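J.: For the sequence shown, the residue numbers in our numbering are 394 to 649.
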Amino acid sequence: MPAAYDTYDYPSYWDDREYEHKAEYYAIRTLLDKIPNTKTIIEIGAGYGRLFSSFSYRAKKIILSDPSASSLSLARKKIRNNKKAMFIQSSLENLANQLRGGTSDLVIMVRVLHHIKDTQEAFKIIAKLLKENGFFILEFANKGHIKATLREFYKGNLTFPLDISPIDKSCKKSRKNKCLPFINYHPDAIIEQLKNAGFTIIEKLSVSNIRSTFLKKIVATSTLIDIEKALQKPLSHINFGPSIFILAKKHPISKA
Numbered sequence: 394m395p396a397a398y399d400t401y402d403y404p405s406y407w408d409d410r411e412y413e414h415k416a417e418y419y420a421i422r423t424l425l426d427k428i429p430n431t432k433t434i435i436e437i438g439a440g441y442g443r444l445f446s447s448f449s450y451r452a453k454k455i456i457l458s459d460p461s462a463s464s465l466s467l468a469r470k471k472i473r474n475n476k477k478a479m480f481i482q483s484s485l486e487n488l489a490n491q492l493r494g495g496t497s498d499l500v501i502m503v504r505v506l507h508h509i510k511d512t513q514e515a516f517k518i519i520a521k522l523l524k525e526n527g528f529f530i531l532e533f534a535n536k537g538h539i540k541a542t543l544r545e546f547y548k549g550n551l552t553f554p555l556d557i558s559p560i561d562k563s564c565k566k567s568r569k570n571k572c573l574p575f576i577n578y579h580p581d582a583i584i585e586q587l588k589n590a591g592f593t594i595i596e597k598l599s600v601s602n603i604r605s606t607f608l609k610k611i612v613a614t615s616t617l618i619d620i621e622k623a624l625q626k627p628l629s630h631i632n633f634g635p636s637i638f639i640l641a642k643k644h645p646i647s648k649a
């Protein structure tokens, strides 16, 4: 069955998003610095391999999974000379049936959670894939970013920051008249679900904090990234940016 992104030119989406790409690249590198040696990494929703080089140096074996055959074909071409990589066409839900559980040191999932409605089940699947004390780098679209909060305040919704329910924006992100799930989540809700799935939160970063079409036209990307690097950690305390990155660690199984 064709995946939604089989009919969407995802690489072209990033043509004018160098700032966002580099902001995410830096966030991953920052979180990797907090992780011990890894042998096996799984990237869920790897797409065309955009972020592969941000973490490929950290493992001997890297599994790139995506439901889109066309995206994985592009990834194979992009990463064809790297013998570490293997490719699996699979949805998240079916990944646990294709890979042996408890064998991965690190799972990375960026720009995927907004397409998932049952996040609690997703986190349980990821926990099954990880070894004890394995790590999970997660990115998700932040419901409560500063622009959204100010917009709701302007409408008179002063309790918006206290509402941790997700916002479904699916039909605004449809592909070929197919309404994909596109959900913005509140960081507090995601953190609570991660804890319920057996994870400890190690670090949180606020990413793409100065994303602005206007600023990208008048300020060099290198300058924007220098500013971004200084902001990711401090602004995470107020969930400022449109994108949140979390580093979580799987609890060891109690033997009691």
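For each residue, glycine too, the CB sits at the ideal point set by N, CA and C.
Note that the coordinates shown come from a computational prediction; the quantities given were computed from them, not determined experimentally.
Mapping the DSSP letters down to three states, classify T614 as helix, strand or coil.
T.: The answer is helix: DSSP assigns T614 an H, G or I state.
J.: Would you grab the beta carbon distance between K536 and I560 for me? Rounded to a whole angstrom, and I think it's under 8 Å.
T.: That pair is a contact at about 5 Å.
J.: Between T542 and F533, is the Cβ-Cβ spacing less than 8 Å?
T.: Against a cut-off of 8 Å, the Cβ pair of F533 and T542 comes out as no contact.
J.: Which of helix, strand or coil does DSSP assign to Y578?
T.: If DSSP states are grouped into helix, strand and coil, Y578 belongs with the strands.
J.: Going by alpha carbons, who is nearest to K597 out of K471, D581 and K610?
T.: Among K471, D581 and K610, the Cα nearest to that of K597 is on D581.
J.: Does L608 pass the burial test, meaning 16 or more other C-beta atoms within 10 Å, or should it be called exposed?
T.: So L608 counts as exposed.
J.: Rank S615, L640 and Q625 by C-alpha distance to the C-alpha of L587 and give the top, closest one.
T.: Minimum Cα distance to L587 is reached at L640.
J.: Any idea what DSSP makes of K540, helix, strand or coil?
T.: Three-state result, K540: helix.
J.: Evaluate T718 with the Cβ neighbour count: other Cβ atoms within 10 Å of its Cβ, from every protein chain shown; 16 or more gives buried, anything less gives exposed.
T.: Residue numbering for the chain in the displayed model covers 394 to 649; residue 718 lies beyond these limits and cannot be assessed.
J.: I421 to P429, Cα distance in whole Å?
T.: Using only the alpha carbons, I get a separation of about 14 Å.
J.: Determine the extent of the alpha helix (DSSP H) in which I363 is found, giving its start and end residues.
T.: Nothing can be reported for residue 363, as the shown portion of the chain is limited to 394 through 649.
J.: Taking only the alpha-carbon atoms, compute the straight-line gap between L523 and E486 and give it to the nearest angstrom.
T.: Each residue's Cα considered, the two are about 15 Å apart.
J.: For V505, I'd like the list of residues in its chain whose CB is within less than 7 Å of its CB, leaving aside the five on either flank, ordered along the chain.
T.: Cβ within range, chain order: I437 and G438.
J.: Return the bridge partner residues of K477 from the DSSP annotation.
T.: Paired residues: none, contrary to the question.
J.: Mind reading off the beta-carbon distance from V600 to E411? Whole number of angstroms is fine, and I expect it under 8 Å.
T.: Rounded, the Cβ-Cβ distance is 14 Å, inconsistent with contact.
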